[in-house]
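S.K.: In my numbering, the protein residues as written are 473 to 841.
Virtual Cβ for every residue (Gly too), placed ideally from N, Cα, C.
1) Exposed or buried, what is residue 697 when buried is set at 16 or more other beta-carbons lying within 10 Å of its beta-carbon?
2) List the whole-angstrom C-beta distance separating residue 825 from residue 559, where the pair is believed to meet the contact cut-off of C-beta under 8 angstroms.
3) Would DSSP call residue 639 helix, strand or coil?
4) Going by alpha carbons, who is nearest to residue 816 out of 793, 495, 652?
5) Would you mind working out which of 833, 730, 751, 510 sits nearest residue 654, comparing C-alpha positions?
6) Out of 713, 664, 823, 669, state which residue places its alpha-carbon closest to the alpha-carbon of residue 658.
7) State the Cα-Cα distance for the pair residue 828 and residue 615, rounded to the nearest angstrom.
8) Spatial neighbours of residue 779 within its chain, please: CB distance less than 7 angstroms, with the 5 preceding and 5 following residues excluded, ordered by chain position.
9) Take the Cβ of residue 525 as the centre, count every other Cβ of all protein chains shown within 10 Å, and call the residue buried at 16 or more, exposed below.
10) In this structure, how does DSSP classify residue 584 when only helix, strand and coil are distinguished?
11) Near residue 648, what residues of its chain come up, given a Cβ to Cβ distance below 8 angstroms and the 5 sequence neighbours on each side ignored?
12) Just curious, the alpha helix (DSSP H) that residue 716 is in, first and last residue?
13) Under the assumption that residue 775 contacts residue 672 (Cβ atoms under 8 angstroms), give the Cβ distance between them as a whole number of angstroms.
14) Express the C-alpha separation of residue 721 and residue 567 in angstroms, rounding to a whole number.
15) Classify residue 643 as buried or exposed, calling it buried when 16 or more other Cβ atoms lie within 10 Å of its own Cβ.
16) Can you tell which of 478, 801, 717, 692 has its C-alpha closest to the C-alpha of residue 578?
17) Nearest by alpha-carbon distance to residue 493: which of 793, 687, 581, 812 is it?
18) Buried or exposed, going by whether 16 or more other CB atoms sit within 10 Å of the CB of residue 670?
19) With DSSP collapsed to three states, give me the class of residue 671.
20) Do you know whose CA, among 745, 749, 767, 491, lies nearest residue 619's CA?
21) Please state the DSSP three-state secondary structure of residue 445.
22) Since I believe residue 682 is in contact with residue 793 (beta carbons under 8 angstroms), could you give me their beta-carbon distance rounded to a whole number of angstroms?
23) Report the option in 486, 799, 821 whose CA atom is closest to the CA atom of residue 757.
24) Which same chain residues end up closer than 7 angstroms to residue 488 when comparing Cβ atoms and leaving out the 5 residues on each side of it in sequence?
25) Can you tell me whether DSSP reads residue 773 as helix, strand or coil?
26) Just how far apart, CA to CA, sit residue 675 and residue 791?
27) Could you check whether residue 810 and residue 645 sit closer than 7 angstroms to each other, using their CB atoms as the reference points?
28) Taking 7 angstroms as the cut-off, decide whether the C-beta atoms of residue 692 and residue 718 are in contact.
29) Over the uninterrupted alpha helix (DSSP H) stretch that includes residue 529, give me the two end residues.
30) I'd like the list of long-range same chain contacts for residue 516, defined as Cβ closer than 8 angstroms, with 5 residues on each side in sequence excluded.
31) Restricting to Cα atoms, I'd like to know which of 716, 830, 523 is closest to residue 733.
32) Could you check where the alpha helix (DSSP H) with residue 500 kicks off and where it finishes?
33) Please determine, among 760, 807, 507, 602, the residue with the shortest C-alpha to C-alpha distance to residue 844.
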């Protein structure tokens with residue numbers, strides 16, 4: 473079976489969660505699938521071994537392709553013109569790209585419906601561009617992979633006609649090896665990933681000023697470095713000595729950071745899956761997360777939930793997570809919860825979707841502006 477995967481999420485460092493999904497599944501299917509990864513820009517993320525790589529850089533536009541229509545169209549035309557696409561059995565889109573040929577069956581992974589659910593957090597151009605590309609990719613696909621039941625329900629809510637062609641494939645958790653706790657570390661809550669808009673990072677900072685937040689509990693962040701506006705808010709709130717920015721971490725460093733944390737906080741207003749929930753749980757780190765459907769689905773009964781609109785609610789949940797009995801319960805329950813998720817199972821289900829898509833292929837020739 474020949475499968476072409478667009479390389480968009482391998483070309484940037486801002487979509488780590490989506491990259492992780494493709495890296496973990498592709499490396500597990502390399503003996504069953506003849507993968508070709510199409511790179512339109514220089515590689516920024518590791519590529520699984522035994523994957524064919526086509527490097528057709530041309531002029532590099534980076535993430536501007538998300539919001540500039542003619543760049544998206546140029547990217548699609550270049551991909552479609554290559555013989556690997558024409559001769560493939562499946563074209564698997566990582567981020568709503570499409571071939572302009574009716575040759576391969578198209579499989580599109582829907583990671584979330586954030587542009588539709590949280591458009592108020594995005595610029596008008598970005599929202600319109602992503603929504604338009606998503607609609608085209610979904611219309612043209614033989615099958616869709618949704619990463620959670622919650623995302624599948626959101627997809628059906630906005631596009632009811634998709635219901636019969638959705639296949640839910642959750643993420644795994646075993647990409648991180650459990651680490652030992654650093655017992656000398658000062659108590660801290662841990663925040664991972666992007667902090668803009670719907671990620672609700674400001675709610676965490678405001679929660680730290682609430683009376684309920686434990687006085688000796690600091691905050692550590694990992695991911696893109698804190699920018700000047702964030703440091704300005706931290707200074708304004710009087711938190712400069714209580715916030716530590718760890719920057720980007722390796723998988724090994726990330727595991728240690730989870731394992732050594734008093735708790736992991738995940739305050740997003742909306743998500744498609746929430747992979748850090750499982751990363752924290754596999755490292756026996758108590759999880760405190762927003763009370764939204766997808767976190768209820770992924771975290772199970774192994775988390776404390778709070779209203780993401782209210783800093784006071786987060787502060788109270790963090791205080792609860794610091795209680796010895798709660799810590800022990802959440803550590804044990806979290807580790808047990810991760811057993812429901814497996815990259816091996818996700819890979820098997822992805823292979824089944826490829827086979828089904830080939831049988832149900834719907835020829836299409838999408839048009840771009």
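M.R.: In terms of the structure at hand:
1) Sequence index remark: in the chain shown, residue 697 carries index 225 (1-based). Flag for residue 697 reads exposed.
2) Your numbering for residue 825 matches position 353 in the chain shown. Your numbering for residue 559 matches position 87 in the chain shown. 20 angstroms between Cβ atoms; not a contact.
3) What you label residue 639 is simply residue 167 of the chain shown in a count that begins at 1. Strand, per DSSP.
4) For the purposes of this step, residue 816 is taken as residue 344 along the chain shown, with counting starting at 1. Nearest of 793, 495, 652 to residue 816, Cα basis: 495.
5) In the chain shown, counting from the first residue as 1, residue 654 sits at position 182. Of the candidates 833, 730, 751, 510, the one whose C-alpha sits nearest the C-alpha of residue 654 is 730.
6) Residue numbering aside, residue 658 sits at position 186 when the chain shown is read from its first letter. Per the Cα distances, 713.
7) Here residue 828 refers to the residue found at position 356 of the chain shown. Here residue 615 refers to the residue found at position 143 of the chain shown. Taking the straight line joining both Cα atoms gives about 8 angstroms.
8) Taking the first residue of the chain shown as position 1, residue 779 is located at position 307. Hits under 7 angstroms: 763, 785.
9) In the chain shown, the residue the question calls residue 525 occupies position 53. By the neighbour-count rule (16 or more Cβ atoms within 10 Å), residue 525 is not buried but exposed.
10) Stepping through the chain shown from its first residue, residue 584 is reached at position 112. Coil, per DSSP.
11) The count along the chain shown starts at 1 and reaches residue 648 at position 176. Taken in chain order, the residues that qualify are 723, 726, 727, 730, 751, 754, 755.
12) Translated into the one-based positions of the chain shown, residue 716 becomes position 244. Per DSSP, residue 716 belongs to no alpha helix (DSSP H); it is in the beta strand (DSSP E), 715-717.
13) Along the chain shown, read from residue 1 onward, the residue named residue 775 stands at position 303. Along the chain shown, read from residue 1 onward, the residue named residue 672 stands at position 200. Rounded, the Cβ-Cβ distance is 16 angstroms, inconsistent with contact.
14) Within the chain shown, the letter at position 95 stands for residue 567. Within the chain shown, the letter at position 249 stands for residue 721. Straight-line Cα distance between these residues: approximately 24 angstroms.
15) Residue mapping note: residue 643 aligns to position 171 of the chain shown, counting from 1. With 16 or more other Cβ atoms within 10 Å, it is buried.
16) Numbered from its first residue, the chain shown carries residue 578 at position 106. Of the candidates 478, 801, 717, 692, the one whose C-alpha sits nearest the C-alpha of residue 578 is 478.
17) Within the chain shown, residue 493 is the residue found at index 21, counting from 1. Of the listed residues, the one whose Cα sits closest to residue 493 is 581.
18) Translated into the one-based positions of the chain shown, residue 670 becomes position 198. So residue 670 counts as buried.
19) Looking up residue 671 in the chain shown gives position 199. If DSSP states are grouped into helix, strand and coil, residue 671 belongs with the helices.
20) Looking up residue 619 in the chain shown gives position 147. Comparing Cα-Cα distances from residue 619 to each of 745, 749, 767, 491, the minimum goes to 745.
21) The structure shown does not extend to residue 445, since the chain spans only 473 to 841, so no value can be given for it.
22) Indexing the chain shown from 1 puts residue 793 at position 321. Indexing the chain shown from 1 puts residue 682 at position 210. The C-beta distance from residue 793 to residue 682 rounds to 14 angstroms, too long to fall under 8 angstroms, and the pair is not in contact.
23) Within the chain shown, the letter at position 285 stands for residue 757. When the alpha-carbon of residue 757 is set against those of 486, 799, 821, the nearest one is in 799.
24) For the purposes of this step, residue 488 is taken as residue 16 along the chain shown, with counting starting at 1. Within the same chain, residue 488 has no close Cβ partners at all.
25) Within the chain shown, numbered from 1, the residue matching residue 773 stands at position 301. The DSSP-derived three-state label of residue 773 is coil.
26) Counted from its first residue, the chain shown places residue 675 at position 203. Counted from its first residue, the chain shown places residue 791 at position 319. Between residue 675 and residue 791, the C-alpha separation is close to 15 angstroms.
27) On the chain shown, position 173 is the one that residue 645 refers to. On the chain shown, position 338 is the one that residue 810 refers to. Cβ distance < 7 angstroms, so residue 645 and residue 810 count as in contact.
28) Numbered from its first residue, the chain shown carries residue 692 at position 220. Numbered from its first residue, the chain shown carries residue 718 at position 246. Against a cut-off of 7 angstroms, the Cβ pair of residue 718 and residue 692 comes out as a contact.
29) As a working mapping, residue 529 is identified with position 57 in the chain shown. Element bounds for residue 529: n/a, residue is neither H nor E.
30) Within the chain shown, the letter at position 44 stands for residue 516. For residue 516, where only same-chain residues beyond five positions count, the Cβ hits under 8 angstroms are 482, 483, 484, 485.
31) Working through the chain shown from its first residue, we reach residue 733 at position 261. Checking every option, the nearest Cα to that of residue 733 belongs to 716.
32) Locating residue 500 in the chain shown gives position 28, where the first residue counts as 1. Looking at the DSSP string, the run of the alpha helix (DSSP H) that includes residue 500 is 488-500.
33) The requested residue 844 is not part of the displayed model; the chain covers only 473 to 841.
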